[in-house]
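Q: Position one of the sequence shown corresponds to residue 9 (my numbering), numbered consecutively onward. What follows is a structure written as structure tokens; I'll ask about it next.
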Amino acid sequence: MLTYMGQDIKGKYCAVSGSGNVAQFAAKKLIDLGAVVLSLSDSRGALIVKDPSKPFTKEDVDVIADLKVRKGSLEEIKDDRFTWLPGERPWKHLPKVDIALPCATQNENDADDVDALVKAGCFLIAEGSNMGSTDAAVQKMEALRVAYNESLKSGKPTAQFWYSPGKASNAGGVAVSALEMAQNSQRMTWAPERVDQELNNIMTNIFDESVDNSATYTREDLGANVKSSANKADAAVSALPSLVQGANITGFIKVANAMKVHGDWW
9 MLTYMGQDIK
19 GKYCAVSGSG
29 NVAQFAAKKL
39 IDLGAVVLSL
49 SDSRGALIVK
59 DPSKPFTKED
69 VDVIADLKVR
79 KGSLEEIKDD
89 RFTWLPGERP
99 WKHLPKVDIA
109 LPCATQNEND
119 ADDVDALVKA
129 GCFLIAEGSN
139 MGSTDAAVQK
149 MEALRVAYNE
159 SLKSGKPTAQ
169 FWYSPGKASN
179 AGGVAVSALE
189 MAQNSQRMTW
199 APERVDQELN
209 NIMTNIFDES
219 VDNSATYTRE
229 DLGANVKSSA
239 NKADAAVSAL
249 PSLVQGANIT
259 GFIKVANAMK
269 VHGDWW
């Protein structure tokens, strides 16, 4: 998504919710890529950094992983770098955010949260949780994307904004399960680097198909500024296709094609 937008992950301020497997590995991947992780959370509240120059580290994430194995809460972490906010989600408590990754539970991101995030500078929200955003939040995020696309037509671009639903950006868990099945059938164990590369290829393909199917099949007028996934590395300003519709269409096509091969329709 960032490459398509002409952006880079390095140095971006990232708000992450949750502290389970998805949130932990999302945080570690962000850190590996040079992003700044500002928050994690659990069912009891949110843990946010006081100073972005002292963000979450991979060691912090390991401590949290051990804590969760013991059924503990993030409120047990005693570190002067962090502020514990009981009963809160991180979205409304960070003064500067570039990217938000809801990785906790469904409906954890509502329309008011979107407003707060955008006010803090957020331009990309990608779900790691299933149905992480409410319907009202999805409608607001899609409206922000459409407003940006319309601004391109006028020649006066406004701030970019793009949203990815969990059915696309959270497909990695199921994908890795399939990779585990492949290893088991071959009686082999792949190195972590190979699993990561295979997953990267799968997620890239999901993004490419969602972008292309959205641009091809939806009725939205993206104008002359839209580009295909094939030239997403081109940093030229581009309209942003709906990943909500693109992911839905891509899923439908995949199931329909499988049913046809199976003989369910012809």
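Positions of the beta carbon are idealized from the N, C-alpha and C atoms, including for glycine. Here the structure is a predicted model, which is why all the values come from computation and not from measurement.
Just to confirm before moving on: does the CB-CB distance between Gly174 and Leu207 stay below 8 Å?
A: Contact flag unset, no.
Q: When you compare the CB positions of Ala186 and Phe131, do they come within less than 8 Å of one another, or not?
A: Contact flag unset, no.
Q: For Gln253, count neighbouring Cβ atoms within 10 angstroms of its own Cβ and tell me buried if that reaches 16, exposed if not.
A: Buried, because 16 or more other Cβ atoms sit within 10 Å of the Cβ of Gln253.
Q: Report all residues from its chain with a CB closer than 8 Å to the CB of Asp120; omit the five preceding and five following residues, and keep chain order.
A: Cβ within range, chain order: Lys100.
Q: Determine the burial state of Met9: buried for a count of at least 16 other Cβ atoms within 10 Å of its Cβ, exposed for fewer.
A: Met9 comes out buried.
Q: Which two residues bound the contiguous alpha helix (DSSP H) that contains Thr258?
A: Its alpha helix (DSSP H) spans residues 251-270.
Q: How big is the Cα-Cα spacing for Asn138 and Ser25?
A: Each residue's alpha carbon lies about 13 Å from the other.
Q: Which same chain residues end up closer than 8 Å to Pro276 when comparing Cβ atoms and leaving out the 5 residues on each side of it in sequence?
A: Because residue 276 is not part of the residues shown, which for the chain are 9 to 274, the question remains open.
Q: Check whether the Cβ atoms of Ala255 and Ala128 sit closer than 8 Å, and answer yes or no.
A: No, these two residues do not count as a Cβ contact at 8 Å.
Q: Can you tell me whether Ala174 is helix, strand or coil according to DSSP?
A: Reading the sequence as shown, one finds Gly at residue 174 and not Ala. It is helical.
Q: Could you please give the first and the last residue of the uninterrupted beta strand (DSSP E) stretch that includes Gly53?
A: 53-57 is the span of the beta strand (DSSP E), which, as asked, contains Gly53.
Q: Using the three-state DSSP reduction, which class does Ser218 fall into: helix, strand or coil?
A: If DSSP states are grouped into helix, strand and coil, Ser218 belongs with the helices.
Q: To test your reading of the DSSP string, which unbroken alpha helix (DSSP H) runs of 4 or more residues are found completely within the region 23-99?
A: Whole alpha helix (DSSP H) segments, 4+ residues: 29-40, 66-77.
Q: Could you tell me if Ala190 is buried or exposed, where buried requires 16 or more neighbouring beta carbons within 10 angstroms of its beta carbon?
A: It is exposed - the Cβ of Ala190 has fewer than 16 other Cβ atoms within 10 Å.
Q: Report the partner residues of Ser141 according to the DSSP bridge assignment.
A: Bridge partners of Ser141: Asn117.
Q: Looking only at C-alpha atoms, which of Leu152, Ala35, Ala54 sits nearest to Phe90?
A: The shortest Cα separation from Phe90 among Leu152, Ala35, Ala54 belongs to Ala54.
Q: Quick one: is the Cβ of Arg202 within less than 7 Å of any heavy atom of the ligand ATP?
A: Among the components of this structure there are no ligands whatsoever, and the ligand ATP is therefore not found.
Q: Kindly indicate which three-state DSSP category Ile17 falls into: helix, strand or coil?
A: Ile17: coil per DSSP, three-state reduction.
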